[in-house]
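**Student:** Structure below; questions to follow.
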């Protein structure tokens, strides 16, 4: 029985430790990024809440003016087909924000899945390495029993 087969079990165990360490580092990094993102969103929310009331009222008046203007345009263009209308700047901004948010969520979910997969692979490597080492030890014990 070559010594290399005993050594390979330990190499597999070392590889599983390395994989597990990498996976946990990735999970921790994702958690840190998620925490930073949530803090950023909270900060933006605080900024929006702290805007002076005058700005809010001015933006509300501008929004009302836009709404009345849009209502007039809709009444004037009853016969215009819907595909000829372009989205407003606010609608475009909202659409872009939704796309970015969905891309971030998809990327985060895939990162978590990848890290969990690596963790599962590390577990499999660990069990394989342990069984190789156990089998090698059993074979060495059998060889010692035979030679005695």
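Numbering (UniProt numbering), first residue to last: 1 to 148.
Glycine residues also receive a C-beta, built at the ideal position from the N, C-alpha and C atoms.
(1) Would you kindly work out how many angstroms separate the C-alpha atoms of residue 92 and residue 60, rounded to a whole number?
(2) Our contact map puts residue 128 next to residue 47 with C-beta atoms below 8 Å; I'd like the distance itself, whole angstroms only.
(3) Using CA coordinates, which residue listed in 9, 10, 8 and 25 is at the minimum distance from residue 118?
(4) Once DSSP output is grouped into helix, strand and coil, what is the label at residue 68?
(5) What is the DSSP secondary structure of residue 88, counted as helix, strand or coil?
(6) Under the three-state reduction of DSSP, which class applies to residue 50: helix, strand or coil?
(7) Nearest by alpha-carbon distance to residue 20: which of 139, 120, 97 and 131 is it?
(8) Please return the same chain residues whose Cβ sits closer than 7 Å to the Cβ of residue 179, not counting the five positions on each side in sequence.
(9) Between the C-alpha atoms of residue 122 and residue 103, what's the straight-line distance to the nearest angstrom?
(10) How many angstroms separate the CA atom of residue 89 from the CA atom of residue 16?
(11) So, helix, strand or coil for residue 14, using DSSP?
**Tutor:** With the structure as the only source:
(1) 19 Å
(2) Between residue 47 and residue 128 the Cβ distance is about 53 Å, and since that is not below 8 Å, they are no contact.
(3) 25
(4) helix
(5) coil
(6) coil
(7) 120
(8) With the chain represented from 1 up to 148, any question about residue 179 goes unanswered, as that position is not in the structure.
(9) 28 Å
(10) 52 Å
(11) helix
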